[in-house]
Amino acid sequence: MAQAATNPVYERWRWRIFGVTWLAYAGFYFTRKGFSVAKLGLLEDPSVGLTPIMASNIDVAFSVAYGAGQLLWGVSADRFGPRYVVLGGMLASSVVAAAMGLSNTVVLLGILFFVQGLCESTGWAPLTKNLGFWFSSGERGRVMGLWSTSYAFGGMVASPFAGYLAYSVFDDWRWAFFSGAAVLLLVAIPFYLFQRDQPRDVGLEEIEPYRGERMAVVDARDVPDDEQEGSWDLIGKVFRSPTVLVMAVVYFLLKPTRYAILFWGPVIASDRLSSDSFALAASLPAAFEAAGLVAPIAIGFVSDTLFRARRFPACVISLLLLAVVLLLFGPLTSSGSTGGMLVAFFLIGFFLYGPDSMVSATAAVDFGTKKGAGSAAGFINGCGSFGQILGVALPGYLMAWFPGDDTTIMLFYGFSASSLVASVLLIPLWNRVPPTPRVSS
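For the sequence shown, position 300 matches number 300 in the numbering used here, and the numbering has no gaps at all.
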């Protein structure tokens, strides 16, 4: 079917939704990264008594809650709509961040950061579902690739912002939490004013008729075109989808690498650098997140154009290259030079963030379909978040178990193997596209 003429009202709404949801997910990082920044001051504050092991355990508590929350809020978005789930999460996250800034005990910080994990998990799955209603499968790779820069940008900006206010302006770790709470609260205002769940909420037709595309279903063999959004039957089919299950396993294998660098990147850099500068070691992993601004756009464009909306060929190629770069991390950084470290972090980020965004967002919406996208994204991201626990815990535990050994290289060998296994798992899905209902002859 030929694409219908462009409707200016529809287009304004589409890009309004894109902008406000991008801003919302970037905003979540200002409360998520608060504890990472506050650790610098907390570890030096005798009135709190935080130790590095306690800090690691608090990170694990957050990750457990975040993984469980992905499953909960993804299903909730399918049943009740993204608007209420995301807005409630933003407001609650701001309150919890402010409460952490007022805390004085390790136990209370741990409890609150666990709750923060539940709040933070309201973002990804509901927001990707929201986009699925406004952008069709034929354009989704490019659009979701561009939109996925939100989490790389948020992570890259939130820490310096919180660090500047906490240590240069107020000289108090508590402002790492207060500043993030204020930013997310402000971001919630345009989200409330300008976000809508789907085109019919503003009197517009669904995106597939508007774009001249056929509606995708979870399983074209037994799911009717009028399947009920948010029904337990549909959610069950999403969870049993072989493609969704494979993506969940793949994301479990990928996320430890990303979170090990996000949470331990400065320590890893410090171990490999010839310089003793902590400031330099803290800044180098920014190359990893900078690559996250480029990679999702590149892989989305390639999947839409070169592979004609097939999401997995580009992922397989990128993961194979990631496995090679991770394996070569030792030689790339052996000289201890700043340049070698920047190149290594950037290449890892480039080959990781592409398949990361594709599996957790674009393909999740494609194969969960609009009606089950929240459940699919929540399930895939929930499994990935349990893998994330390994990423935040392994570096510290390996350093404790193998003092004096080159634990960074051991860690990256393991991550290389995980990337290789993930690529192999996706090869059978190389030509897979979302199923559509058969047309009766």
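Ideal Cβ placement from N, Cα and C applies to all residues, glycine included. For clarity, every value in this text was computed on a predicted model and none was experimentally measured.
- Between the C-alpha atoms of C119 and V169 there is a straight-line separation of about 28 Å.
- In the three-state scheme derived from DSSP, where H, G and I count as helix and E and B as strand, N57 is classed as helix.
- Distance from the Cα of I58 is smallest, within the candidate group E205, G101 and L109, for L109.
- In the three-state reduction of the DSSP assignment, F135 falls in the coil class, being assigned neither a helical nor a strand state.
- Under the three-state reduction of DSSP output, Q195 falls in the coil class, being neither helix nor strand.
- Per DSSP, reduced to three states, the secondary structure at L327 is helical.
- DSSP, reduced to helix, strand and coil, places P428 within a helical segment of the structure shown.
- Contact between S150 and A26 holds: CB atoms are separated by about 4 Å, below the 8 Å threshold.
- For V20, the enclosing alpha helix (DSSP H) starts and ends at P8 to R32.
- I189 sits exposed, since fewer than 16 C-beta atoms from the chains shown fall within 10 Å of its C-beta.
- Boundaries cannot be given for L102, as no alpha helix (DSSP H) includes it and DSSP labels it neither H nor E.
- Out of G349, A162 and R308, the CA that lies nearest to the CA of L40 is found in A162.
- When Cβ pairs closer than 8 Å are counted between the two stretches, the region 78 to 85 is seen not to touch the region 202 to 211, the count staying below three.
- With fewer than 16 other beta carbons inside 10 angstroms of its own, T305 counts as exposed.
- One alpha carbon belongs to G132, the other to V143, and they sit about 10 Å apart.
- Residue burial is scored here from C-beta neighbours: E289 has at least 16 other C-beta atoms within 10 angstroms and is therefore classed as buried.
- In the three-state reduction of the DSSP assignment, S148 falls in the coil class, being assigned neither a helical nor a strand state.
- By the C-beta density criterion, W124 is buried, having at least 16 other C-beta atoms within 10 angstroms.
- Inclusion of G354 and I299 in the CB contact set at 8 Å is warranted, their separation being smaller than that value.
- Look at the beta carbons and you see the region 164 to 183 touching the region 27 to 35: at least three pairs across the two are nearer than 8 Å.
- When the five nearest sequence neighbours on each side are left out, the beta carbons in the same chain lying within less than 6 Å of the beta carbon of F301 are those of R142, in order along the chain.
- Counted as a single uninterrupted DSSP element, the alpha helix (DSSP H) harbouring R272 occupies residues P242 to R272.
- If only complete runs of 4 or more residues are kept, the region 371 to 399 shows no alpha helix (DSSP H) anywhere.
- In the structure shown, the three-state DSSP call for L42 is helix.
- Per the C-alpha coordinates, the member of D171, R432, A417 and R83 positioned closest to Y192 is R83.
- Here T6 is exposed, its C-beta having fewer than 16 other C-beta atoms within 10 Å.
- In the three-state scheme derived from DSSP, where H, G and I count as helix and E and B as strand, R79 is classed as helix.
- The criterion of a C-beta distance shorter than 8 Å is not satisfied by Y10 and L254.
- Linking T105 to V37 through their CA atoms gives a straight-line distance of about 17 Å.
- Per the C-alpha coordinates, the member of V115, W134, R432 and W22 positioned closest to R14 is W134.
- With respect to the C-alpha of Y259, the residue from L284, P331, L23 and F386 having the closest C-alpha is F386.
- Counting the other Cβ atoms within 10 Å of the Cβ of V202 gives fewer than 16, which makes it exposed.
- Per DSSP, P403 lies in no alpha helix (DSSP H) and is assigned neither H nor E.
- Relative to the Cα of L262, the nearest Cα in the group S283, V244 and F18 belongs to S283.
- Using a Cβ-Cβ distance cut-off of 8 Å, the region 389 to 400 and the region 327 to 343 are not in contact, since fewer than three pairs of beta carbons, one from each stretch, lie closer than that value.
- Around the Cβ of A400, a 10 Å sphere holds fewer than 16 other Cβ atoms; the residue is exposed.
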